[in-house]
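Novice: Residues 8 to 616 in the working numbering are what the sequence shown spells out, letter by letter.
Below is the structure I would like to discuss, written out as structure tokens.
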Amino acid sequence: MKNYGLNIFSNNNFIIKDDKVVINHKSEPSLLEITKEIRAKNIRGPILLRFPHLIKKQITNLYSCFENSISEHHYKGAFKAVFPLKVNQFPHVIEAITTQGEEFDYGLEAGSKAELILAMSKINKNAHITVNGFKDKEMITLGFIAAQSGHNITITVEGLGELNTIIEVAKESNLKIPNIGIRVRLHSTGSGTWAKSAGMDAKFGLTATEILEATKLLGNANLLKYFHMIHFHIGSQLNDIAPVKRALREAGNIYAELKVLGASALQSINIGGGLAVSYEQHQNAKVHNYSIEEFTSSVVFLLGEIMDAKGVSHPNIFTESGRYIVASHAILITPVLELFTQDYKEELLNFKEKNPPLIEELQELHKHLNEKNYVEYLHDALDHIESLLTLFDLGYIDLQDRSNAEILVHNIIKKSLYMTPNISMNDLKQLQVNLQERYLINASIFQSLPDYWGLQQHFPVMPIHHLEKDPIRGASIWDITCDSDGEIGFNPDKPLFLHDIDIKKEEYFLGFFNVGAYQEALGMAHNLFTHPNEYTILITENSFTIVNEVESKNILNILETIGYDKNEVLNKLKVDLENSTFITEKEKSDTLLKLETFVQQNGYLRTTN
Numbered sequence: 008m009k010n011y012g013l014n015i016f017s018n019n020n021f022i023i024k025d026d027k028v029v030i031n032h033k034s035e036p037s038l039l040e041i042t043k044e045i046r047a048k049n050i051r052g053p054i055l056l057r058f059p060h061l062i063k064k065q066i067t068n069l070y071s072c073f074e075n076s077i078s079e080h081h082y083k084g085a086f087k088a089v090f091p092l093k094v095n096q097f098p099h100v101i102e103a104i105t106t107q108g109e110e111f112d113y114g115l116e117a118g119s120k121a122e123l124i125l126a127m128s129k130i131n132k133n134a135h136i137t138v139n140g141f142k143d144k145e146m147i148t149l150g151f152i153a154a155q156s157g158h159n160i161t162i163t164v165e166g167l168g169e170l171n172t173i174i175e176v177a178k179e180s181n182l183k184i185p186n187i188g189i190r191v192r193l194h195s196t197g198s199g200t201w202a203k204s205a206g207m208d209a210k211f212g213l214t215a216t217e218i219l220e221a222t223k224l225l226g227n228a229n230l231l232k233y234f235h236m237i238h239f240h241i242g243s244q245l246n247d248i249a250p251v252k253r254a255l256r257e258a259g260n261i262y263a264e265l266k267v268l269g270a271s272a273l274q275s276i277n278i279g280g281g282l283a284v285s286y287e288q289h290q291n292a293k294v295h296n297y298s299i300e301e302f303t304s305s306v307v308f309l310l311g312e313i314m315d316a317k318g319v320s321h322p323n324i325f326t327e328s329g330r331y332i333v334a335s336h337a338i339l340i341t342p343v344l345e346l347f348t349q350d351y352k353e354e355l356l357n358f359k360e361k362n363p364p365l366i367e368e369l370q371e372l373h374k375h376l377n378e379k380n381y382v383e384y385l386h387d388a389l390d391h392i393e394s395l396l397t398l399f400d401l402g403y404i405d406l407q408d409r410s411n412a413e414i415l416v417h418n419i420i421k422k423s424l425y426m427t428p429n430i431s432m433n434d435l436k437q438l439q440v441n442l443q444e445r446y447l448i449n450a451s452i453f454q455s456l457p458d459y460w461g462l463q464q465h466f467p468v469m470p471i472h473h474l475e476k477d478p479i480r481g482a483s484i485w486d487i488t489c490d491s492d493g494e495i496g497f498n499p500d501k502p503l504f505l506h507d508i509d510i511k512k513e514e515y516f517l518g519f520f521n522v523g524a525y526q527e528a529l530g531m532a533h534n535l536f537t538h539p540n541e542y543t544i545l546i547t548e549n550s551f552t553i554v555n556e557v558e559s560k561n562i563l564n565i566l567e568t569i570g571y572d573k574n575e576v577l578n579k580l581k582v583d584l585e586n587s588t589f590i591t592e593k594e595k596s597d598t599l600l601k602l603e604t605f606v607q608q609n610g611y612l613r614t615t616n
């Protein structure tokens, strides 16, 4: 049995029992039984499963680790956190975050007008709102309205122009003035894909000169008493703790200097996000080099040390970690529709009375293949198929010969794979490259795993059942989009092996894990495939309940989303059908009924699998 790296990426959230992946919580239901219960309602295509207890687990762990570090290092400030809405704005995610985080006063971070309105409407009473990103006068005024409405809100200044607008709005209105924060542009940079979030060429933040100018502007406008926070962010998915420590020292000294220079109301440092999540599932893969415990301890200790050296009171610590909170809560389950080499069935062989010599040699290799000779015979077969394809291109063999060659070679490959325990690792690695199976999944990588397409971000993937069997097929995964980029190719350095399943006889489901952060927000309707059906799973001591079903958009609604008049589209289809000839009125009526049914379904394939 292969565990597919569950011990690396799942944080003990999922385990294998009775040859299936089960949720390691209370009654421990399997992903397969949840999937089958949903599919019993005639649901086809991919499904997204949400587990809100995993959001609660991450929030609790974040707070408890910081509280433990604060206690251990005798730190005098408090810990607070907000969830950045850009990571996942979907309703049932935000519902879980605000519900599960209420006891901690867990807040929300907004980076646009729409996100700010969402935060104002969903935030818990005592939780904090932070507002980051570029802002115009209207968005800044929304921040004032939020403060007037009783929200504990901080507007983070990204440039001196924004600060001047805040001063302007404060002068023009009698609305309550929100807390003001300043994002500092650090010299220190982060690590990994998003290292450019910090450094002197970063998109956001004020330089040292601009920070000093900002404090003067605030003082002259009599707003220095609202300057409560400095903010920095050195990147998402930080894989190294060392840049974090450098950034903390730099930001901590900036904070302390500002306090000494007279920013007496300053009371908080927002260290942004960046807590890494493990997406790897191979033992030798590079993962982040720190634990949550080391991260929190480093933050608390370094800030305390700097403040004590400067004679400054300890600031409150804010974080904006989003990926860490929600990545693990969502799993994409998709059925496999086809294994492409299963089309090469032996019963389709159709030999002639006289066959080309290489075909006859392939017949002999296929007939006499055994555990002693299979490596040699496999190499011979691969050589023969290359020669035969060249002969076909030159016109020396016909299409039936080519078909027979392909069937024989693929069956030699399949037989050889069951004998691979005796092969050397170097030979096996090369064979895996040459002998991949293509698994067609009923999903869109562009829609559900856009970071794979855009960033080559690996997502843990494994079968959710059949785990009693040895997975012998080196696997490439193809989605159903009409695009060659819709593929997760086989990587011999990080190989994925799946089972040799006859899809016509039994179902085969793959689970893609840790898809709860950014993927839904970034998912694109390539080929007009839209967000899959989603379900929230509540697990009790005895069973589980499926709630919050959100159906994937049907075809007409998809077209309406991008600007088409769905009634006009449907009417045109009906008129064309009604004006058609060569079919009876009964056939027209039946066909119209089918048409109306089809356009009310989503765009994913509705096979029996």
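The C-beta atom is built at its ideal place from N, Cα and C for all residues, glycine as well.
1. Near Ala47, which residues of its chain fall below 8 Å by C-beta distance, leaving aside the five closest residues on each side in sequence?
2. May I have the straight-line CA-CA distance separating Phe58 from Asn564, to the nearest angstrom?
3. Helix, strand or coil for Ile546? Go by DSSP, reduced to three states.
4. Determine, using beta-carbon pairs with one atom in the stretch 331–346 and one in the stretch 56–73, whether at least three such pairs fall under 8 Å.
5. Report all residues from its chain with a CB closer than 7 Å to the CB of Pro36; omit the five preceding and five following residues, and keep chain order.
6. Apply the 10 Å Cβ neighbour rule to Ser394 and answer buried if 16 or more other Cβ atoms are within range, or exposed otherwise.
7. Give the C-beta separation of Gly280 and His240 to the nearest angstrom, bearing in mind that I take them to be a contact with Cβ-Cβ under 8 Å.
8. Compare the beta carbon distance of Asp408 and Ile366 with 7 Å and say whether it is the shorter of the two.
9. If you count every other CB in all the chains shown that lies within 10 Å of the CB of Phe244, and 16 or more means buried, which is it?
10. Return the CA-CA distance between His617 and Met469, expressed in angstroms with no decimal places.
11. Under a Cβ-count criterion, where at least 16 other Cβ atoms within 10 Å of its own Cβ denotes burial, should Asp458 be classed as buried or exposed?
12. Span of the beta strand (DSSP E) holding Ile237?
13. Let me know the alpha helix (DSSP H) ranges lying completely inside the stretch 283–368, each 4 residues or longer, listed in chain order.
14. Which parts of the stretch 524–590 are runs of the beta strand (DSSP E), unbroken and 3 residues or longer, counting only runs that do not cross its ends?
15. Within this structure, are the beta carbons of Leu282 and Ser328 separated by less than 7 Å?
16. Mind checking which residues open and close the beta strand (DSSP E) that includes Phe519?
17. In angstroms, rounded to a whole number, what distance separates the CA positions of Ser204 and Val100?
18. Can you look up Lys120 in the DSSP assignment and give me helix, strand or coil?
19. Quick check for students: name the residue ranges of the beta strand (DSSP E) that lie wholly in the stretch 421–499, counting only runs of 3 or more.
20. Please determine if the stretch 513–524 and the stretch 533–549 are in contact, where contact requires at least 3 C-beta pairs separated by less than 8 Å.
21. With a CB to CB cut of under 8 Å and the five nearest residues on each side skipped, what residues in its chain are close to Tyr425?
22. Nearest CA to the CA of Phe211: which residue from Glu74, Ile392, Gly118, Asn586?
23. From what residue to what residue does the alpha helix (DSSP H) around His99 run?
24. Among Gln274, Ile248, Asn277, whose alpha-carbon lies nearest the alpha-carbon of Glu300?
25. Could you tell me whether the Cβ atoms of Ile313 and Ala263 are closer together than 7 Å?
26. Please state the DSSP three-state secondary structure of Gly188.
27. Ile261 by DSSP, collapsed to three states: which one?
28. Is the beta carbon of Leu193 within less than 6 Å of some heavy atom of the ligand SAH?
29. Would you please state the rounded distance, in angstroms, between the beta carbons of Gln526 and Asn561? I believe it to be under 8 Å.
30. In angstroms with no decimal places, state the Cα-to-Cα distance between Leu268 and Ala126.
31. Any idea if Ile544 is buried or exposed, counting beta-carbon neighbours within 10 angstroms, 16 or more meaning buried?
32. What does the alpha-carbon distance come out to for the pair His295 and Glu353?
33. Relative to the C-alpha of Val343, which candidate in Asn578, Thr222, Pro53 has its C-alpha closest?
34. Evaluate the contact criterion for the stretch 303–313 versus the stretch 72–89: three or more CB pairs, one atom per stretch, below 8 Å.
35. Among the candidates Gly481, Leu56, Lys593, Ile66, whose CA atom is the shortest distance from the CA of Pro499?
36. Counting pairs of Cβ atoms below 8 Å between the stretch 219–226 and the stretch 170–182, do you hit three or more?
Specialist: By the coordinates alone:
1. The sequence position of residue 47 within the sequence shown is 40, counting from 1. For Ala47, where only same-chain residues beyond five positions count, there are no Cβ hits under 8 Å.
2. Taking the first residue of the sequence shown as position 1, residue 58 is located at position 51. Taking the first residue of the sequence shown as position 1, residue 564 is located at position 557. The alpha-carbon atoms of Phe58 and Asn564 are separated by roughly 28 Å.
3. Sequence index remark: in the sequence shown, residue 546 carries index 539 (1-based). Of the three classes helix, strand and coil, the one that applies to Ile546 here is strand, per DSSP.
4. yes
5. Here the question's residue 36 lines up with position 29 in the sequence shown. Contacts found: Val29, Ile30, Ile546, Phe551.
6. Residue 394 sits at position 387 when you count from the first residue of the sequence shown. Answer is exposed; the Cβ neighbour count stays below 16.
7. As a working note, residue 280 is residue 273 in the sequence shown. As a working note, residue 240 is residue 233 in the sequence shown. Confirmed, about 6 Å.
8. Looking up residue 408 in the sequence shown gives position 401. Looking up residue 366 in the sequence shown gives position 359. Their beta carbons are under 7 Å apart, which means Asp408 touches Ile366 by this criterion.
9. Counting from one through the sequence shown, the residue named residue 244 turns up at place 237. Residue 244 is actually Gln in this sequence, not Phe. It counts as buried.
10. The structure shown has nothing for residue 617, since the chain only spans 8 to 616.
11. On the sequence shown, residue 458 is found 451 positions in, with the first residue counted as 1. Buried is the call here.
12. Locating residue 237 in the sequence shown gives position 230, counting from the first residue. Segment 234–238, the beta strand (DSSP E) holding Ile237.
13. 299–317, 330–333
14. 540–546, 551–557
15. Locating residue 282 in the sequence shown gives position 275, where the first residue counts as 1. Locating residue 328 in the sequence shown gives position 321, where the first residue counts as 1. For Leu282 and Ser328, yes; Cβs fall inside 7 Å.
16. Along the sequence shown, read from residue 1 onward, the residue named residue 519 stands at position 512. Note, Phe519: beta strand (DSSP E), 516–519.
17. Working through the sequence shown from its first residue, we reach residue 204 at position 197. Working through the sequence shown from its first residue, we reach residue 100 at position 93. Since pLDDT at Ser204 reaches only 46, below the 50 mark, its modelled position is unreliable, and the value read off the structure follows with that caveat. If I take the Cα positions, the gap works out to 26 Å.
18. As a first step, residue 120 is located in the sequence shown; it is residue number 113 there, counting from the start. DSSP places Lys120 in helix when its eight states are reduced to three.
19. 444–448, 468–470, 480–485
20. no
21. Residue mapping note: residue 425 aligns to position 418 of the sequence shown, counting from 1. Result list for Tyr425: Ile479, in chain order.
22. Position 204 of the sequence shown, counting from 1, holds the residue named residue 211. Selected option, being the one with the closest Cα: Gly118.
23. Position 92 of the sequence shown, counting from 1, holds the residue named residue 99. Counting along the chain, the alpha helix (DSSP H) containing His99 begins and ends at 98–107.
24. Here residue 300 is taken as the residue at index 293 of the sequence shown, counted from 1. Here the closest residue by C-alpha is Ile248.
25. As a first step, residue 313 is located in the sequence shown; it is residue number 306 there, counting from the start. As a first step, residue 263 is located in the sequence shown; it is residue number 256 there, counting from the start. Contact: yes.
26. What you label residue 188 is simply residue 181 of the sequence shown in a count that begins at 1. Of the three classes helix, strand and coil, the one that applies to Gly188 here is strand, per DSSP.
27. By 1-based counting over the sequence shown, the position of residue 261 is 254. Here Ile261 sits in helix by DSSP.
28. Inclusion of the ligand SAH in the displayed structure is not the case, the ligand content being empty and no account of it being possible.
29. Along the sequence shown, read from residue 1 onward, the residue named residue 526 stands at position 519. Along the sequence shown, read from residue 1 onward, the residue named residue 561 stands at position 554. Not really, about 22 Å apart at Cβ, beyond 8 Å.
30. Walking along the sequence shown from the start, residue 268 turns up at place 261. Walking along the sequence shown from the start, residue 126 turns up at place 119. Spanning the two alpha carbons is a distance of roughly 34 Å.
31. Along the sequence shown, one-based indexing puts residue 544 at 537. Flag for Ile544 reads buried.
32. Mapped onto the sequence shown, residue 295 falls at position 288. Mapped onto the sequence shown, residue 353 falls at position 346. His295 and Glu353: Cα-Cα distance of roughly 48 Å.
33. What you label residue 343 is simply residue 336 of the sequence shown in a count that begins at 1. Put simply, of Asn578, Thr222, Pro53 the residue whose alpha carbon is nearest the alpha carbon of Val343 is Pro53.
34. yes
35. For the purposes of this step, residue 499 is taken as the residue at position 492 of the sequence shown. That would be Gly481, whose Cα lies nearest to the Cα of Pro499.
36. Segment contact: the stretch 219–226 against the stretch 170–182, three or more CB-CB distances shorter than 8 Å; contact assigned.
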